[in-house]
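Q:
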């Protein structure tokens, strides 16, 4: 092939290559321009919507206003109902008067507990949980809540006496927000909780009655948050007789006294034949009395530890006073 022919072929091939590349570049640029125009159009639409003041439909506004009105009425009704179950805060009580009130309540409670059979442990420095204020007056702004807490604690412990508890072993009150050691603020904006901790000894029946009374109290709202129980009865029940029909007990038919473990051991229970135990029991005036059913639980004394949250629902006025005003939303210009 001569040089002229080769140059002709190369020239034709170059023209075709450049033409194809130019066509591809022109097509791609057209698609790019179209995509950019679409993007700019959407951006303009979004900016226009952001600047536009929404104009609600009148029917929707009316329906929304009805729902808001119904909600406000329900909240107001609930607030009025709560007033019948929850005493208001005493906002005029002075801090010095509160200190005197605490001392008086402690003295009165000690008298009532003695009359009701509740022993206060001698190791307990009992001041209804307000030991801090025995010699120091509280900050005035804390007095309304502290006074409410005092009333609730006094009522709770008087309920414990009425249920027949035997001994108050320990009692403590958690510091509220504003007191030394207290949280910075309450966890909820509509409900305040004031925890107290108590340990007491009582029969199973007295404990059960106390829990029922606390759960259904009509003067204060109590929530039992922690409950731990230890039984003072460490030994298990008596073994069954060889026949398996029941366990043997000995009872005085006149006094109805049931022989206890000490008497049974004295008569040889566990070491001597049962016939010999029965004979010695008869000599002491006791007769054999079998029973098929045995009470295994409910007869023991219990050591109970409780954490009780004294709960108070805030009024709408209190909620409004503690809720910061929302910032106005700034639109784009």
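Numbering (our numbering), first residue to last: 2 to 334.
Ideal Cβ positions, reconstructed from N, Cα and C, are used throughout, including at glycine.
Just so you know, these numbers come straight off a predicted model, no measurement behind them.
What would DSSP say about residue 177, mapped onto helix, strand or coil?
A: coil
Q: Under 8 Å, do residue 108 and residue 164 count as touching if we go by C-beta distance?
A: Taking C-beta atoms as the reference points, residue 108 and residue 164 fail to come closer than 8 Å.
Q: Considering only the alpha carbon of each residue, which of 154, 181 and 176 lies closest to residue 224?
A: 154
Q: Are the beta-carbon atoms of residue 151 and residue 103 separated by less than 8 Å?
A: yes
Q: Does the segment 197-207 come within contact of the segment 165-173, defined as at least 3 CB pairs closer than 8 Å?
A: For the pair of segments examined, the segment 197-207 was found to touch the segment 165-173: the number of CB pairs separated by less than 8 Å reaches three.
Q: Is the Cβ-Cβ distance between residue 174 and residue 197 less than 8 Å?
A: yes
Q: Alpha carbon to alpha carbon, how far is residue 90 from residue 146? Give it in angstroms, no decimals.
A: 7 Å
Q: So, for residue 243: in the same chain, excluding its five sequence neighbours on each side, which residues have a beta-carbon less than 6 Å away from its beta-carbon?
A: In this predicted model, residue 243 has a pLDDT of only 47, less than 50, meaning its place in the structure is not dependable; the value taken from the coordinates is given anyway. Hits under 6 Å: none found.
Q: What would DSSP say about residue 136, mapped onto helix, strand or coil?
A: coil
Q: With DSSP as the reference, label residue 319 as helix, strand or coil.
A: helix
Q: Is it right to say residue 130 is buried, meaning 16 or more other beta carbons lie within 10 angstroms of its own, or is it exposed?
A: buried
Q: Check whether the segment 312-321 and the segment 76-91 touch, using three or more Cβ-Cβ pairs below 8 Å as the test.
A: yes
Q: Is it true that the CB of residue 254 sits closer than 8 Å to the CB of residue 288?
A: yes
Q: Less than 8 Å between the CB atoms is what I'm expecting for residue 306 and residue 159, so what's the real figure, rounded?
A: About 20 Å; that fails the 8 Å criterion.
Q: Classify residue 139: buried if its beta carbon has 16 or more other beta carbons within 10 angstroms, exposed otherwise.
A: buried
Q: DSSP has residue 232 in a bridge; who is on the other side?
A: 303
Q: Excluding sequence positions up to five away, which residues of its chain have a Cβ less than 7 Å from the Cβ of residue 232?
A: 301 and 303
Q: What residue range is occupied by the uninterrupted beta strand (DSSP E) comprising residue 203?
A: 192-204
Q: What first and last residue would you give for the alpha helix (DSSP H) that runs through residue 148?
A: 144-163
Q: What residue does the alpha helix (DSSP H) around residue 340 start on, and which one ends it?
A: Any property of residue 340 remains undetermined from this structure, which presents the chain solely from 2 to 334.
Q: May I have the straight-line CA-CA distance separating residue 265 from residue 202, to the nearest angstrom?
A: 28 Å
Q: Hey, quick one: how far does the alpha helix (DSSP H) through residue 115 stretch, first residue to last?
A: 96-117
Q: Note down the Cα distance separating residue 176 from residue 143, rounded to an integer number of angstroms.
A: 11 Å
Q: Going along the chain, which residues of its own chain have a beta-carbon closer than 8 Å to the beta-carbon of residue 112, five neighbours each way excluded?
A: none
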